[in-house]
Every structure is written in C-alpha cells, then in structure tokens.
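Working notes, structure below.
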Amino acid sequence: MSAAAKREIIRQFFEDIWTDQNMELADEVLDPDFSFALRFVTLENRDAFKQLVLHNHVAWQDLTYTLLDSVADDDEKGAAYWRSKGIHVNTWNGIEATGNQMSIEGITFFNFSNGKLLQAHVQNDFTKLLHQLGVSELPKR
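Structure (structure tokens):
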C-alpha cells in the first residue's frame, strides 16, 4: 500500500468515521482486531471503537475531527495531527453535561496491516479538555 493510500485512510478515519459516523467505512478500513489506545483506556477491537464513536456523538453535539496534517511511509506506519471540537451536551466519562465548548488538538500514530488500520495510539491535550469542562480529573468509578 502506498504512502498516499495510507494518508487517504487516515483522512477517512477522522473526517468520515469520527466526524460523519460512517460505520460501513469503518468496517472497510479498520481491521476486525483494530486496537485504539487512549491515555486512560485501550479498546481491543473494531466494534468497541465504533461504539466509542457513537457514544461520543451522544455526549458531544456537533463533534468534529479536523485533520491538520498527516504523514505515512511505504511500510506500515502513519501519523496525524488533528483538532477536535464539540459541545458537551450529555454525560461523558462520568462528567455530567456542562454545555461547554471544547477544542483540543492531538496526534495519533497508526499501524497498518494488509491495507487496513490495525492500531491507533492517541496523545492529546486531555488536561485542556478537562479544564474546558470545569473539572480537574475524571470522576472515580
């Protein structure tokens, strides 16, 4: 798979899957064993990731992910710099709706296998997100 083809899948990941909730495309470009790692949780398969996307769209009105830059190589690696925005309208990770606008940036490192996304490792400004919601940490569960 060419670097350009990988960059297109990365674009689709943010714009079509995260922003537009295109779950059919998720089935096409994500490996069934797709792993999605955030700082506080790792999802171990594509279906769990799809549920996260849908859940986040319930919690965040007008949720968008904008791809700001991406790179990929001819091996199995890619990376993206992105921005996410939305309005907190329902409970998210134990935090009751605040009505607050959030805008954060992050980077995601991708691993590909057989033309599909196999892994995504996310680093974002989580502290900024919590600050925008008026909290200092996630509620204890």
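Take 354 as the starting number for the sequence shown in our numbering and just add one per residue.
Backbone N, C-alpha and C define an ideal beta-carbon position, used for all residues, glycine too.
Around the beta carbon of valine 382, a 10 Å sphere encloses 16 or more other beta carbons of the protein chains shown; the residue is thus reported as buried. Where valine 382 is concerned, the enclosing alpha helix (DSSP H) starts and stops at 376–382. Per the C-alpha coordinates, the member of Arg360, Gln454, Asn464, Asp427 positioned closest to histidine 484 is Gln454.
DSSP places leucine 491 outside both helix and strand once states are collapsed to three, so it counts as coil. By the Cβ test, the segment 387–395 is in contact with the segment 468–480, since at least three Cβ pairs between them sit closer than 8 Å. Counting every other CB atom within 10 Å of its CB across the protein chains shown gives arginine 399 a total of 16 or more, marking it as buried. For a cut-off of 8 Å, the C-beta gap from leucine 416 to alanine 433 is around 17 Å, too long to register as a contact. Put simply, the backbone Cα of glycine 452 is about 14 Å away from that of histidine 410.
Between the alpha carbons of methionine 376 and isoleucine 370 lies a gap of roughly 6 Å. Between leucine 471 and aspartate 380, the CB-CB gap reaches or exceeds 8 Å. Here glutamine 404 is exposed, its C-beta having fewer than 16 other C-beta atoms within 10 Å.
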